[in-house]
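Asker: Below is one structure. I have some questions about it.
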Amino acid sequence: TFSIDVDTASYSNVRRFLNQGQLPPPGAVRIEELINYFPYDYPAPEGRQPFSVNVEVADCPWNSEHRLARIGLKGREIDIEQRPPSNLVFLLDVSGSMSDANKLPLVKSSMKMLVDRLGENDRVAVVVYAGASGLVLPSTSADHKTKILSALDRLNAGGSTNGGEGIQLAYRISVENFIPGGVNRVILCTDGDFNVGKTNQSELIRLIEEKAKTGVFLSVLGFGMGNYKDSTMEKLADKGNGNYAYIDTHNEARKVLVEGLTGTLITIAKDVKIQVDFNPAQVEGYRLIGYENRMLRAEDFKDDTKDAGEIGAGHTVTALYELVPPGKPLPGSDVDPSKYQKPDQLTEAAASDELFTVRLRYKDPDGQDSKPLEAPIKAEKKPFAQAGQDFQFAAAVAQFGMLLRDSQYKGDSTFEKVLNTASANVGGDDSGYRREFVGLVEKARELKR
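Counting from 202, one number per residue, gives the positions in the sequence shown under my numbering.
What follows is the structure, encoded as structure tokens:
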């Protein structure tokens with residue numbers, strides 16, 4: 202049982218390390234964020250469903266005795282012209298640590314890209330924080346683009362960081378300009394260095410959770426390097442029902458704020474949880490790849506008070522499970538089966554050709570009660586080479602993550618195999634993200650030599 206995750210920050214951070222000629226520390230590699238960095242061509246949901254559920258199963262490329270299952274969700278697309286009005290508050294860190302070229306200057310150009318995409322029904326306010334927090338621009342119609350852009354142009358870095366007070370002011374401005382039925386969101390841009398002022402993290406998180414319940418969500422964009430507090434940023438966005446991205450280049454800003462505008466701004470389902478019920482007659486053991494920070498207890502699945510991840514308009518979410526068939530040894534287990542004990546009694550369903558059942562629960566963006574979805578999946582034998590292009594590419598990304606983490610489960614993965622699989626499954630790749638990935642794998646291979 203786990204919470205979905207559409208964050209992509211880990212991929213951008215890994216890319217930054219590799220482009221600087223360094224291997225990333227294993228803790229910076231969150232495999233689910235690497236996989237979910239890439240869009241996949243899953244079919245759109247039917248009718249009024251917020252997302253579709255797509256499953257594919259094939260042989261596992263790094264362990265020929267195992268199988269690999271992919272569960273993919275595709276959020277409903279919302280036409281840019283049809284998106285609801287937005288009440289946005291940019292909360293910008295202008296402390297001294299933000300003066301580098303890849304920090305405040307990149308924040309300003311990123312926010313300008315976003316402003317360019319807004320229309321007459323949208324509003325923007327700008328709040329800054331350093332030694333003191335302040336309102337640089339009251340909530341202003343995006344019709345007045347020149348006014349908003351000149352407010353951004355005037356920003357300079359200096360002073361120490363007082364993030365807590367800045368967040369409180371940003372929320373106050375957002376609440377004062379709240380749009381019922383619209384997008385109400387604070388967008389925090391920082392290098393993560395909350396080092397002065399109200400930095401009690403539990404107080405900060407409580408505030409963010411309270412505001413999320415009232416419909417004001419928080420997205421976090423990380424910038425820069427060095428003292429960048431990655432885990433703090435991830436946690437703040439999670440509690441604020443928002444997404445978390447790491448902006449290391451103008452291209453990444455364009456991906457998150459221009460190409461992914463509706464997905465970044467518009468939540469179509471919140472607190473999305475996935476539970477997979479495996480048929481023990483078909484599956485001896487299983488392993489969810491990544492999502493270590495997203496695991497939930499089985500009883501949390503139906504508990505509507507337990508927070509989980511959000512899915513934005515048009516977003517895809519992908520999760521991979523490595524499956525061990527019956528009679529095969531479980532990785533990491535050298536215990537012989539008992540000569541006296543038998544497995545628990547199985548139900549009639551276990552005798553069917555079902556491999557597993559995917560169960561989902563989600564809430565509407567403004568809802569309090571979760572809704573269930575369920576899909577039984579039939580067992581099928583399929584060689585990895587016959588799996589779909591998206592399946593094979595996602596598997597290559599997972600292998601790359603396992604190699605960078607030096608995972609005990611990497612099996613016979615090598616950078617060469619990752620390169621071969623990824624290169625063969627680049628597909629149309631209009632955005633060039635998959636080709637860029639192939640280049641990063643080549644860099645990692647050289648650094649590992």
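Positions of the beta carbon are idealized from the N, C-alpha and C atoms, including for glycine.
Per DSSP, E257 forms a beta bridge with which residues?
Answerer: In the sequence shown, residue 257 corresponds to position 56, counting from 1. R271.
Asker: Measure the CB-CB distance between D323 and A343 and report whether it falls below 7 Å.
Answerer: The residue labelled residue 323 in the question sits at position 122 within the sequence shown. The residue labelled residue 343 in the question sits at position 142 within the sequence shown. Yes.
Asker: Quick one: what's got a C-beta closer than 7 Å to V642's C-beta in the same chain, skipping five residues either side?
Answerer: For the purposes of this step, residue 642 is taken as residue 441 along the sequence shown, with counting starting at 1. Answer for V642: F601, F616, V619, L620 and A623, listed in chain order.
Asker: I'd like to check one pair, R562 with S571: are the Cβ atoms closer than 7 Å?
Answerer: Your numbering for residue 571 matches position 370 in the sequence shown. Your numbering for residue 562 matches position 361 in the sequence shown. It is a contact, given that the beta carbons lie within the stated cut-off.
Asker: Where does D392 land, buried or exposed, given buried means 16+ other C-beta within 10 angstroms?
Answerer: Walking along the sequence shown from the start, residue 392 turns up at place 191. Burial call: buried.
Asker: With 16 as the cutoff for other CB atoms within 10 Å, does A371 come out buried or exposed?
Answerer: Stepping through the sequence shown from its first residue, residue 371 is reached at position 170. So A371 ends up on the buried side.
Asker: Give every residue of the same chain whose Cβ lies closer than 8 Å to the Cβ of A470, excluding the five residues on either side of it in the sequence, and list them in chain order.
Answerer: Counting from 1 along the sequence shown, the entry for residue 470 is found at position 269. The answer, listed in chain order, is P251, F252, G276, E511, I512, Y563, K564, D565 and P566.
Asker: Between which two residues does the beta strand (DSSP E) harbouring Y487 extend?
Answerer: Here residue 487 corresponds to residue number 286 of the sequence shown, with the count starting at 1. Counting along the chain, the beta strand (DSSP E) containing Y487 begins and ends at G486 to L489.
Asker: Distance check for L531 and K644, CA to CA, integer angstroms please.
Answerer: The sequence position of residue 644 within the sequence shown is 443, counting from 1. The sequence position of residue 531 within the sequence shown is 330, counting from 1. Their Cα atoms are separated by approximately 33 Å.
Asker: State buried or exposed for A625, treating a residue as buried only when at least 16 other CB atoms are found within 10 Å of its CB.
Answerer: Looking up residue 625 in the sequence shown gives position 424. Exposed: under 16 other Cβ atoms inside 10 Å.
Asker: If we ignore side chains and look at the alpha-carbon of each, how far apart do A224 and E549 end up?
Answerer: Here residue 224 corresponds to residue number 23 of the sequence shown, with the count starting at 1. Here residue 549 corresponds to residue number 348 of the sequence shown, with the count starting at 1. According to the sequence displayed, residue 224 carries Leu and not Ala. The alpha-carbon atoms of L224 and E549 are separated by roughly 50 Å.
Asker: Kindly list the residues whose CB is nearer than 7 Å to the CB of V536, restricted to its own chain and excluding five residues on each side of it in sequence; keep chain order.
Answerer: Looking up residue 536 in the sequence shown gives position 335. With a pLDDT of 48 at V536, under the threshold of 50, the modelled position of this residue cannot be trusted; read the value that follows with caution. Taken in chain order, the list of residues that qualify is empty.
Asker: Report yes or no: do three or more beta-carbon pairs, one from the segment 519-526 and one from the segment 262-270, lie closer than 8 Å?
Answerer: Contact holds: three or more Cβ-Cβ distances are below 8 Å.
Asker: Please determine, among G320, A595 and E647, the residue with the shortest C-alpha to C-alpha distance to E234.
Answerer: The count along the sequence shown starts at 1 and reaches residue 234 at position 33. If we check each option's Cα against that of E234, A595 comes out closest.
Asker: What first and last residue would you give for the alpha helix (DSSP H) that runs through P532?
Answerer: Start at 1 with the first residue of the sequence shown, and residue 532 comes out as number 331. Premise fails: P532 is in no alpha helix (DSSP H) and is neither H nor E.
Asker: With DSSP collapsed to three states, give me the class of V316.
Answerer: Sequence index remark: in the sequence shown, residue 316 carries index 115 (1-based). V316: helix per DSSP, three-state reduction.
Asker: Where does Q609 sit, in a helix, a strand or coil, going by DSSP?
Answerer: Counted from its first residue, the sequence shown places residue 609 at position 408. Q609 falls in the coil class under three-state DSSP.
Asker: For M496, is the classification buried or exposed, using 16 other Cβ atoms within 10 angstroms of its Cβ as the cut-off for buried?
Answerer: Position 295 of the sequence shown, counted from the first residue, corresponds to residue 496. It is exposed - the Cβ of M496 has fewer than 16 other Cβ atoms within 10 Å.
Asker: Given this structure, state the Cα-to-Cα distance separating G612 from S340, to the nearest angstrom.
Answerer: Counted from its first residue, the sequence shown places residue 612 at position 411. Counted from its first residue, the sequence shown places residue 340 at position 139. Looking at the two C-alpha atoms, the distance is approximately 54 Å.
Asker: Please state if the CB of K440 and the CB of I406 are separated by a distance shorter than 7 Å.
Answerer: Here residue 406 corresponds to residue number 205 of the sequence shown, with the count starting at 1. Here residue 440 corresponds to residue number 239 of the sequence shown, with the count starting at 1. Taking 7 Å as the Cβ cut-off, I406 and K440 qualify as a contacting pair.
Asker: To the nearest angstrom, report how far apart E278 and R650 are at their CA atoms.
Answerer: As a working mapping, residue 278 is identified with position 77 in the sequence shown. As a working mapping, residue 650 is identified with position 449 in the sequence shown. Rounded to whole angstroms, E278 to R650 spans 43 Å at the Cα level.
Asker: Is the beta carbon of G464 less than 7 Å from the beta carbon of G515?
Answerer: Counted from its first residue, the sequence shown places residue 464 at position 263. Counted from its first residue, the sequence shown places residue 515 at position 314. Yes, they are a contact pair.
Asker: Rounded to a whole number of angstroms, what is the C-alpha to C-alpha distance between Q221 and G367?
Answerer: Taking the sequence shown and counting its residues from 1, the one referred to as residue 221 is at position 20. Taking the sequence shown and counting its residues from 1, the one referred to as residue 367 is at position 166. Roughly 33 Å between the two C-alpha positions.
Asker: A551 and N480: beta carbons closer than 7 Å?
Answerer: Taking the first residue of the sequence shown as 1, we reach residue 551 at position 350. Taking the first residue of the sequence shown as 1, we reach residue 480 at position 279. Yes, they are a contact pair.
Asker: Between P285 and T468, what straight-line distance do the alpha-carbon atoms span, to the nearest angstrom?
Answerer: Here residue 285 is taken as the residue at index 84 of the sequence shown, counted from 1. Here residue 468 is taken as the residue at index 267 of the sequence shown, counted from 1. When rounded, the distance between both Cα atoms is 11 Å.
Asker: Rank L338, L466 and M314 by C-alpha distance to the C-alpha of V325 and give the top, closest one.
Answerer: As a first step, residue 325 must be located in the sequence shown, where it is residue number 124. Minimum Cα distance to V325 is reached at L338.
Asker: Between L574 and the rest of its own chain, which residues show a CB-CB distance below 6 Å, the 5 nearest in sequence each way excluded?
Answerer: In the sequence shown, residue 574 corresponds to position 373, counting from 1. Excluding positions up to five away in sequence, the list reads L561.
Asker: Whose C-beta lies closer than 6 Å to the C-beta of A256 among residues of the same chain, with five residues either side of it excluded?
Answerer: Along the sequence shown, read from residue 1 onward, the residue named residue 256 stands at position 55. In the sequence as displayed, the identity of residue 256 is Val instead of Ala. Closer than 6 Å at the Cβ level, and outside the excluded window around V256, lie I272 and I578.
Asker: Given a cut-off of 7 Å, decide if A358 and M314 are closer than it, judged by their beta-carbon atoms.
Answerer: The sequence position of residue 314 within the sequence shown is 113, counting from 1. The sequence position of residue 358 within the sequence shown is 157, counting from 1. No. Outside cutoff.
Asker: I'd like the list of long-range same chain contacts for K309, defined as Cβ closer than 8 Å, with 5 residues on each side in sequence excluded.
Answerer: As a working mapping, residue 309 is identified with position 108 in the sequence shown. If we look at K309 and ignore the five residues flanking it on each side, its Cβ neighbours are L353, D354 and L356.
Asker: Report the partner residues of A446 according to the DSSP bridge assignment.
Answerer: In the sequence shown, counting from the first residue as 1, residue 446 sits at position 245. L422, per the DSSP bridge assignment.
Asker: Could you round the C-beta distance between T202 and A499 to whole angstroms and report it? I think they count as a contact, below 8 Å.
Answerer: Mapped onto the sequence shown, residue 202 falls at position 1. Mapped onto the sequence shown, residue 499 falls at position 298. About 5 Å separates the two Cβ atoms, so the contact holds.
Asker: Would you say L307 and F424 are within 7 Å of each other, going by their C-beta atoms?
Answerer: Here residue 307 corresponds to residue number 106 of the sequence shown, with the count starting at 1. Here residue 424 corresponds to residue number 223 of the sequence shown, with the count starting at 1. Contact: yes.
Asker: Along the alpha helix (DSSP H) that carries S571, what are the first and last residues, could you check?
Answerer: One-based indexing of the sequence shown puts residue 571 at position 370. Where S571 is concerned, there is no enclosing alpha helix (DSSP H), given that its DSSP letter is neither H nor E.
Asker: Given 6 Å as the limit, tell me if S351 has its C-beta closer than that to any heavy atom belonging to the ligand ZN.
Answerer: The ligand ZN is absent from the structure shown, which contains no ligand whatsoever.
Asker: Would a C-beta distance cut-off of 7 Å place Y447 and N237 closer than the cut-off?
Answerer: In the sequence shown, the residue the question calls residue 447 occupies position 246. In the sequence shown, the residue the question calls residue 237 occupies position 36. No, the Cβ-Cβ distance between Y447 and N237 is not below 7 Å.
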